[in-house]
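Peer 1: Encoded as structure tokens, here's the structure I'll be asking about.
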Ligand code: CNA
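Numbering (this note's numbering), first residue to last: 1458 to 1697.
Structural data, given as structure tokens:
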């Protein structure tokens, strides 16, 4: 399987990667749906409820408690998957990383063209005057972070019930539609509309690298159910 992946990478010049939380689990950030993911832990409300727009608007204190504890991670570093994708981009083979992650680890690994479908914890804005705040400001505050104007600051993260950025969607569709190879990795493909974007790939090099099975396995030209850091790390080593 690794050989086949290596051959596909060798032959492709317009690769696009589409990924999710599973890409960052090898960096120590839990995903949502694995057995040790956030959805299998117990909270007063289900994570989908806490991470929703209406919950944020009505219970910002509880939202921030969960968000600080479960969505903000200190001292995390990119893993072999992030590194391998950055290398493929530097070689000119990979054109875009489209991610559902909000952790900024692709950029930390050196990837330049990263399309963040669900935003980023690194950007935060006042809900009233739109003043921008970085992550360290959020981390330096307690309870509900507030702007100098007094209003609540919201992370630039797409919560359940909120729309995705049209421009990011449009660019993602263009990259996927033009790709000669699409690698899907570390995502359960359960969250829409993000997961629907992969339907725009019409080529014959659809690779899926995910620990568990997904709805796209049957149409993949190659499906590998192993840790993505190990797989991509080894696959990209051939070019060094
Ligand atoms: P998910 O639904 O939790 O699925 C993750 C998938 O990755 C599962 O199918 C796992 O089997 C698989 N997986 C876990 N570890 C690995 C690994 N090492 N190698 C290969 N596969 C692995 O997460 P999705 O991304 O599909 O769901 C979308 C949500 C999760 C987005 O809205 C994200 O914002 C949100 N999320 C992001 C982060 C992050 O930014 N790191 C963390 C947790 C959740």
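No residue lacks a Cβ here, since even glycine has one placed at the ideal position from N, Cα and C. These numbers come from a predicted model, not from an experiment.
Starting from residue 1556, follow the beta strand (DSSP E) in both directions and report where the run begins and ends.
Peer 2: Taking the chain shown and counting its residues from 1, the one referred to as residue 1556 is at position 99. Start and end: 1551 to 1556.
Peer 1: Starting from the Cα of residue 1578, find the closest Cα among 1635, 1527, 1623 and give me that residue.
Peer 2: By one-based count along the chain shown, residue 1578 stands at place 121. A check of alpha carbon separations from residue 1578 across 1635, 1527, 1623 identifies 1527 as the nearest.
Peer 1: Three-state secondary structure (DSSP) at residue 1637?
Peer 2: Locating residue 1637 in the chain shown gives position 180, where the first residue counts as 1. Correct three-state label for residue 1637: coil.
Peer 1: Just how far apart, CA to CA, sit residue 1520 and residue 1473?
Peer 2: By 1-based counting over the chain shown, the position of residue 1520 is 63. By 1-based counting over the chain shown, the position of residue 1473 is 16. Their Cα atoms are separated by approximately 34 Å.
Peer 1: Which partner residues of residue 1610 appear in the DSSP bridge assignment?
Peer 2: Your numbering for residue 1610 matches position 153 in the chain shown. According to DSSP, which records beta bridges pairwise, residue 1610 is partnered with 1583.
Peer 1: Sorry if obvious, but does the Cβ on residue 1513 come closer than 7 Å to a heavy atom of ligand 1?
Peer 2: Taking the chain shown and counting its residues from 1, one reaches residue 1513 at position 56. No.
Peer 1: Can you round the beta-carbon distance between residue 1627 and residue 1510 to whole angstroms, since I take them to be within the 8 Å contact cut?
Peer 2: Residue numbering aside, residue 1627 sits at position 170 when the chain shown is read from its first letter. Residue numbering aside, residue 1510 sits at position 53 when the chain shown is read from its first letter. Actually they do not touch by this definition, with Cβ atoms about 22 Å apart.
Peer 1: Would you mind reading off the limits of the beta strand (DSSP E) that contains residue 1573?
Peer 2: Residue numbering aside, residue 1573 sits at position 116 when the chain shown is read from its first letter. Segment 1571 to 1573, the beta strand (DSSP E) holding residue 1573.
Peer 1: Considering only residues of the same chain and omitting the five flanking positions on each side of residue 1488, which have a CB-CB separation below 6 Å?
Peer 2: Here residue 1488 corresponds to residue number 31 of the chain shown, with the count starting at 1. For residue 1488, where only same-chain residues beyond five positions count, the Cβ hits under 6 Å are 1478, 1479, 1482, 1494.
Peer 1: Classify residue 1673 as buried or exposed, calling it buried when 16 or more other Cβ atoms lie within 10 Å of its own Cβ.
Peer 2: As a working mapping, residue 1673 is identified with position 216 in the chain shown. So residue 1673 ends up on the buried side.
Peer 1: Measuring CB to CB, does residue 1634 end up less than 8 Å from residue 1657?
Peer 2: Looking up residue 1634 in the chain shown gives position 177. Looking up residue 1657 in the chain shown gives position 200. Closer than 8 Å, so yes.
Peer 1: Do residue 1553 and residue 1685 count as a contact pair if the criterion is CB distance below 8 Å?
Peer 2: Working through the chain shown from its first residue, we reach residue 1685 at position 228. Working through the chain shown from its first residue, we reach residue 1553 at position 96. Cβ atoms of residue 1685 and residue 1553: not closer than 8 Å.
Peer 1: Answer yes or no: do residue 1590 and residue 1610 have a C-beta to C-beta separation smaller than 8 Å?
Peer 2: Mapped onto the chain shown, residue 1590 falls at position 133. Mapped onto the chain shown, residue 1610 falls at position 153. Closer than 8 Å, so yes.
Peer 1: Given 7 Å as the limit, tell me if residue 1690 has its C-beta closer than that to any heavy atom belonging to ligand 1.
Peer 2: For this step, residue 1690 is matched to residue 233 along the chain shown. Checking every heavy atom of ligand 1 against the Cβ of residue 1690, none is found closer than 7 Å.
Peer 1: Could you check how far apart the C-beta atoms of residue 1601 and residue 1574 are, in whole angstroms? I think they sit under 8 Å.
Peer 2: Residue 1601 sits at position 144 when you count from the first residue of the chain shown. Residue 1574 sits at position 117 when you count from the first residue of the chain shown. Taking a contact as a CB-CB distance under 8 Å, the pair residue 1601 and residue 1574 does not count as one, their CB atoms being some 26 Å apart.
Peer 1: How should residue 1605 be labelled, buried or exposed, when 16 other C-beta atoms within 10 angstroms of its C-beta is the threshold for buried?
Peer 2: Position 148 of the chain shown, counted from the start, is the residue given in the question as residue 1605. Residue 1605 is exposed by the Cβ-count criterion.
Peer 1: Is residue 1522 near ligand 1 - that is, is its Cβ less than 7 Å away from at least one heavy atom of it?
Peer 2: Residue numbering aside, residue 1522 sits at position 65 when the chain shown is read from its first letter. Residue 1522 Cβ: outside cutoff for every heavy atom of ligand 1.
Peer 1: Can you determine whether any heavy atom of ligand 1 sits closer than 7 Å to the C-beta of residue 1477, and answer yes or no?
Peer 2: The count along the chain shown starts at 1 and reaches residue 1477 at position 20. Yes, since a heavy atom of ligand 1 falls inside the 7 Å radius drawn around the Cβ of residue 1477.
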